[in-house]
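Asker:
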Amino acid sequence: MCAVSERGQTGRVVGGRFELVEPLGSGGMGTVWRARDVGLQREVAIKEVRPADAALFEHNPALAAQQRERVLRESRALARLQHPNVVSIYQIIESEDSPYPWIVMELVQGTSLDARLNAGVLSPSEAARLGRDVLRALRAAHAAGILHRDVKPGNVLLRADGSAVLTDFGIAALHDSGQLTATGEVIGSPEYIAPERLLGDETKTASDFWSLAMLLYVAVEGYHPLRRATTMATLAAVMTEPVPPPRRAGALGPVLSAVLIPDPLARPTGDALDRMLGAAEHGAHVPLGPPTPAGPAFPVQPQQHHTGPRPQPTASWQQPQQQPHYPAYQQANPISGPIKVSAGKRTGIVVSAWVGAALVLVLTLVLVRVLTSSDTPTDLGAGSSGPTTTQGVDGPATSTANPPKTANSPTANTPTKAPPKTTTAAATDDLHTPAGARKVVAALSEVMGTSKVSDLTIYPDYANATAPTTAVKNGFDNFQYRKGVATKSGADGVDADRAVIDLNKVNWDALPGLWERANKELGIEKPDLRYIIVDTSIIDGTPALKLYLTDEYGAGYLIANPDGKVIKLYPR
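Read in the numbering used here, the sequence shown has 96 at position 109, and its numbers run on one by one without any break.
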C-alpha cells in the first residue's frame, strides 16, 4: 500500500501540467502515480524517482548529484527508444519544489504478468510468445546502451491484446555511465538476478536474458527452482546451484536450459534467442550450431558515448554437449491452478558483493538489504478498465480532437480485412534494397489502408510498422511483413499528437548510397545486424530515415532526411 503522505499529494500539479490522481504502486526507486495531463487532457503515468536510501543521499550531496545525473541520462536514453514493447517516456520534469526528477510515461492499461500467473501457468507457446515481446524490449534497450537489471513478472505488463510491455527501468544501467553507479552494489530482485551480477559483473546483456529465461521458467513450471526459505539462501542457490531441467515447458524447455547456465558468454545471443523462442512458439526446435560466445555487452571502462542498436550476432548457438549433473532438489508438485509468484510484498535488493578469497562455494559474505515495496503493480500497471493505452511522442499541446500531425496532412484509411500476398520470390528478397523496401511498403500499405506510418523498421527479411487507423479516433495499429505477406499484428493505442510520415515520399533509391556511406563511416567493419528505421522526431515530428549497423563491440547509425540527404552520423 502507498503511504498516507503520498495519498495526501493527490491533486498536486507537477511541473505546472500533470495533476496527480492516485498512486498506482511503490517500489524502491519511487512511487508511480496515475496523473492527468491538463494540457492534452489525457491520462499518463508519472514517477518521482527517489533513491533506494533517501537518507544516505540527503547526507551526501555529491552522491545525490551523481544519482540524479544517472536517472536523467537513463531517462533521456529510454525516451529515444519508441518501441512497442517498451513503456514510452514522454517527458522529464525537474521541479523546483522537488529534490528528485519526475518522469512522465505512457499509462499502460491492462494487468501485470505477476497477476496473470496468480491465475495459472502459461502454456509453452504462450510463454514463448510473451518471451519474444520482452526480448524485443530488452534488445531495443540494449541497442541504446541500457541494461534493465530487474526483469521479473511484476515488471512485465500485458496489454488488452495480449502483447507484453516491459516497464520499470528505474534501476537500469547505462553502459557508459558505470561511474555513476555505486561501487559494489548489485540491484534487482533476488530470484531473477543472474549469477555473474552477484559477482559484480554489470556489463553483459546476457544477464538480462538470464532473468527473462527465469521468468519464463516460472511462467510455465509454476514454481521458482532456486527460491529458498530466506533471501540469503536464495542468493546462494543462484550462485552455486544448477537450474533443474524444466518438465512442463515442452519445446520451450531446451531454450530455458540453454540460457540458464552460469557462464554468460555461453548463453545464446539475442538473435539466436529470438529464433529459438520463435520456434518454441510453434512447438518446434531450432537446429543448434557451434557455440558463439557473445562477449561482454558493454565495456567495463567507459568508452566514447554512442547510441544505436546493440550487437546481436547472427551465428547460431549450441547448447554445451556435456550436460551438468543435477543433484536432488525440491520441486513443487505440478500445478494446474493459480500460482503465487510473489506472496506478500515484492522484494528488491541491494547487494554489496564482497566477493573474494573469503567465499566458500562462491558465496560466504554477501551483505543484503531488502527493500520492500507494495504488492500493487510496481510501476505503470493499471486496471483493465479505463482509456486505451497511449503510446507516442510528446508534442505541442493540442486538443485530442486533432488528427495525427504530419507534414503531408495524413488521412488514415480504414485497414482492409484480408492481408495481401505477394509472390513467393518476395520472401527471399533483401529488403534493404530499393526494390525490397518498395515491396514492403506496397504490401503494408494495402493492409494498412494508407502509406502513412508513425514508424517503420525494416530488417533484412522482415519489417514492423505502426500506422494510423480510422477504427478509433486518433488510433494506431501495428503491422508486420514476413515472407512476402503483410498482416495486422494488433492495436497500438490512441495518440492525438503522434506524427506520421508518408512512405511513398521516402527516396528509397538513396539506400545503396546510404548503406555505402554507413559501411565506410560508422566504424562497423563486419556488422552482425543491420536495419532501417523510418520515423519522426519525438520533439517536433520531423521525419527521418535511419540506417543502423552493429557488431559485438558496439553500434553506429546514420540519419538522413526522406530525400536521402545525410543529416548526421553517429559512428561507434
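Yeah, the Cβ is synthetic: ideal placement off N, Cα and C, and Gly gets one too.
Thinking C-alpha only, which one of ILE133, ALA452 and VAL481 is nearest VAL459?
Answerer: Looking up residue 459 in the sequence shown gives position 472. Measuring from the Cα of VAL459, the nearest candidate turns out to be VAL481.
Asker: Which residues in the same chain as SER386 place their Cβ atom closer than 6 Å to its Cβ, once the five residues preceding and following it in sequence are excluded?
Answerer: Working through the sequence shown from its first residue, we reach residue 386 at position 399. Reliability fails at SER386, whose pLDDT of 31 lies under 50, so the model's placement of it is uncertain and the value that follows must be treated cautiously. Counting only Cβ-Cβ distances below 6 Å, and skipping sequence neighbours, we find nothing.
Asker: Sort GLY551, LEU122 and THR221 by Cα distance to GLU503 and report the nearest one.
Answerer: Along the sequence shown, read from residue 1 onward, the residue named residue 503 stands at position 516. Closest by alpha carbon: GLY551.
Asker: Can you tell me the Cα-Cα spacing of GLN96 and ALA147, whole angstroms?
Answerer: Taking the sequence shown and counting its residues from 1, the one referred to as residue 96 is at position 109. Taking the sequence shown and counting its residues from 1, the one referred to as residue 147 is at position 160. Using only the alpha carbons, I get a separation of about 7 Å.
Asker: Which residue or residues does DSSP assign as beta-bridge partners of TRP197?
Answerer: Taking the sequence shown and counting its residues from 1, one reaches residue 197 at position 210. Bridge partners of TRP197: none, in fact.
Asker: First and last residue of the alpha helix (DSSP H) that includes THR154?
Answerer: The residue labelled residue 154 in the question sits at position 167 within the sequence shown. Where THR154 is concerned, there is no enclosing alpha helix (DSSP H), given that its DSSP letter is neither H nor E.
Asker: GLY500: which of LYS492, ASP479, LEU532 and PRO71 sits nearest, CA to CA?
Answerer: Counting from one through the sequence shown, the residue named residue 500 turns up at place 513. Here the closest residue by C-alpha is LEU532.
Asker: Under the three-state reduction of DSSP, which class applies to GLU508: helix, strand or coil?
Answerer: In the sequence shown, residue 508 corresponds to position 521, counting from 1. Helix at GLU508.
Asker: State the DSSP-derived secondary structure class of ALA147, mapped to helix, strand or coil.
Answerer: Sequence index remark: in the sequence shown, residue 147 carries index 160 (1-based). In the structure shown, ALA147 sits in coil (DSSP, three-state: anything other than H, G, I, E or B).
Asker: Among TYR210, ALA216 and LEU199, which has the Cα closest to the Cα of GLY257?
Answerer: As a working note, residue 257 is residue 270 in the sequence shown. Taking only the C-alpha atoms, the option nearest GLY257 is LEU199.
Asker: Decide yes or no for the touch test of the region 436 to 452 against the region 515 to 526: beta carbon pairs closer than 8 Å, at least 3 of them.
Answerer: Yes, the region 436 to 452 touches the region 515 to 526.
Asker: Count the other CB atoms within 10 Å of the CB of VAL0; is the residue buried (16 or more) or exposed (fewer)?
Answerer: Stepping through the sequence shown from its first residue, residue 0 is reached at position 13. Answer is exposed; the Cβ neighbour count stays below 16.
Asker: Rounding to the nearest angstrom, what Cα-Cα distance links ALA412 and ALA32 in this structure?
Answerer: Numbered from 1 along the sequence shown, position 425 holds the residue referred to as residue 412. Numbered from 1 along the sequence shown, position 45 holds the residue referred to as residue 32. Annotation note: pLDDT 35 at ALA412 (below 50); position unreliable, coordinate value reported separately. ALA412 and ALA32 have their C-alpha atoms roughly 46 Å apart.
Asker: Are ILE76 and GLY2 close, meaning C-beta to C-beta below 8 Å?
Answerer: Here residue 76 refers to the residue found at position 89 of the sequence shown. Here residue 2 refers to the residue found at position 15 of the sequence shown. No, the Cβ-Cβ distance between ILE76 and GLY2 is not below 8 Å.
Asker: Taking just the CA atoms, how far does ALA236 sit from VAL121?
Answerer: Translated into positions along the sequence shown, residue 121 becomes position 134. Translated into positions along the sequence shown, residue 236 becomes position 249. Those two C-alpha atoms are separated by around 18 Å.
Asker: Name, in chain order, the residues that DSSP records as bridge partners for MET92.
Answerer: Counted from its first residue, the sequence shown places residue 92 at position 105. Answer by DSSP bridge pairing, in chain order: ALA32 and ILE76.
Asker: Return helix, strand or coil for VAL108, following the three-state DSSP convention.
Answerer: As a first step, residue 108 must be located in the sequence shown, where it is residue number 121. Coil at VAL108, not helix or strand.
Asker: Count the other CB atoms, across all protein chains shown, that sit within 10 Å of the CB of THR(-3); report buried if there are 16 or more and exposed otherwise.
Answerer: Here residue -3 refers to the residue found at position 10 when the sequence shown is read from its first residue. Label assigned to THR(-3): exposed.
Asker: CA-CA distance, LEU153 and HIS135?
Answerer: Looking up residue 153 in the sequence shown gives position 166. Looking up residue 135 in the sequence shown gives position 148. Going by the C-alpha atoms only, they are around 9 Å apart.
Asker: Taking only the alpha-carbon atoms, compute the straight-line gap between LEU203 and VAL553 and give it to the nearest angstrom.
Answerer: Position 216 of the sequence shown, counted from the first residue, corresponds to residue 203. Position 566 of the sequence shown, counted from the first residue, corresponds to residue 553. Computed Cα separation, rounded: 42 Å.
Asker: Within 10 angstroms of the Cβ of ARG234, are there 16 or more other Cβ atoms? Answer buried if so, exposed if not.
Answerer: Position 247 of the sequence shown, counted from the first residue, corresponds to residue 234. Exposed is the call here.
Asker: Taking the C-alpha atoms as reference points, what is the distance between PRO421 and GLU183?
Answerer: The residue given as residue 421 occupies position 434 in the sequence shown. The residue given as residue 183 occupies position 196 in the sequence shown. Distance between the alpha carbons of PRO421 and GLU183: 44 Å.
Asker: Compute the minimum distance between the beta carbon of SER75 and the heavy atoms of the ligand NAP, and state whether it is under 7 Å.
Answerer: As for the ligand NAP, it is missing from this structure, which has no ligand bound.
Asker: PHE466: which of ARG67, VAL58, LEU222 and VAL434 sits nearest, CA to CA?
Answerer: The residue you call residue 466 lines up with position 479 of the sequence shown. Here the closest residue by C-alpha is VAL434.
Asker: Where does ASN451 land, buried or exposed, given buried means 16+ other C-beta within 10 angstroms?
Answerer: For the purposes of this step, residue 451 is identified with residue 464 of the sequence shown, where counting begins at 1. Looking at its Cβ environment, which holds 16 or more other Cβ atoms inside 10 Å, ASN451 is buried.
Asker: Buried or exposed for ALA238, going by 16 or more other Cβ atoms inside 10 Å?
Answerer: Residue numbering aside, residue 238 sits at position 251 when the sequence shown is read from its first letter. Burial call: buried.
Asker: Enumerate, from N- to C-terminal direction, the unbroken beta strand (DSSP E) stretches of 3 or more residues contained entirely within the region 419 to 499.
Answerer: 442 to 445, 449 to 456, 462 to 469 and 472 to 481
Asker: Helix, strand or coil for ASP137? Go by DSSP, reduced to three states.
Answerer: For the purposes of this step, residue 137 is taken as residue 150 along the sequence shown, with counting starting at 1. In the structure shown, ASP137 sits in coil (DSSP, three-state: anything other than H, G, I, E or B).
Asker: So what's GLU189 in DSSP terms, helix, strand or just coil?
Answerer: For the purposes of this step, residue 189 is taken as residue 202 along the sequence shown, with counting starting at 1. Shown here, GLU189 sits in coil according to DSSP, grouped into three states, outside any helix or strand.
Asker: Could you please give me the residues that DSSP links to TRP20 through a beta bridge?
Answerer: What you label residue 20 is simply residue 33 of the sequence shown in a count that begins at 1. Looking at the DSSP output, TRP20 shares a beta bridge with PRO10 and ILE33.
Asker: Comparing alpha-carbon positions, which option in TYR210, GLU178, LEU125 and LEU185 lies nearest PHE196?
Answerer: Here residue 196 corresponds to residue number 209 of the sequence shown, with the count starting at 1. Checked all of TYR210, GLU178, LEU125 and LEU185; the closest Cα to PHE196 is LEU125.
Asker: For THR453 versus SER438, is the C-beta distance shorter than 8 Å?
Answerer: Within the sequence shown, numbered from 1, the residue matching residue 453 stands at position 466. Within the sequence shown, numbered from 1, the residue matching residue 438 stands at position 451. No, Cβ-Cβ distance for THR453 and SER438 is not below 8 Å.
Asker: Using a Cβ-Cβ cutoff of less than 8 Å, which residues in the same chain neighbour PHE5 once the five nearest sequence positions on both sides are dropped?
Answerer: For the purposes of this step, residue 5 is taken as residue 18 along the sequence shown, with counting starting at 1. Setting aside the 5 residues that flank it on each side, PHE5 is surrounded in the same chain by ALA22, ARG23, ASP24, VAL25, VAL31, ILE33, ILE80, TRP89 and VAL91, each with a C-beta closer than 8 Å to its C-beta; the list follows chain order.
Asker: What's the gap between the Cα of THR221 and the Cα of PRO10?
Answerer: Translated into the one-based positions of the sequence shown, residue 221 becomes position 234. Translated into the one-based positions of the sequence shown, residue 10 becomes position 23. Whole-angstrom Cα-Cα distance: 31 Å.
Asker: Using a threshold of 8 Å, state whether the C-beta atoms of VAL246 and PRO140 are closer than that.
Answerer: By one-based count along the sequence shown, residue 246 stands at place 259. By one-based count along the sequence shown, residue 140 stands at place 153. No, Cβ-Cβ distance for VAL246 and PRO140 is not below 8 Å.
Asker: If you count every other CB in all the chains shown that lies within 10 Å of the CB of HIS70, and 16 or more means buried, which is it?
Answerer: As a first step, residue 70 is located in the sequence shown; it is residue number 83 there, counting from the start. It is buried - the Cβ of HIS70 has at least 16 other Cβ atoms within 10 Å.
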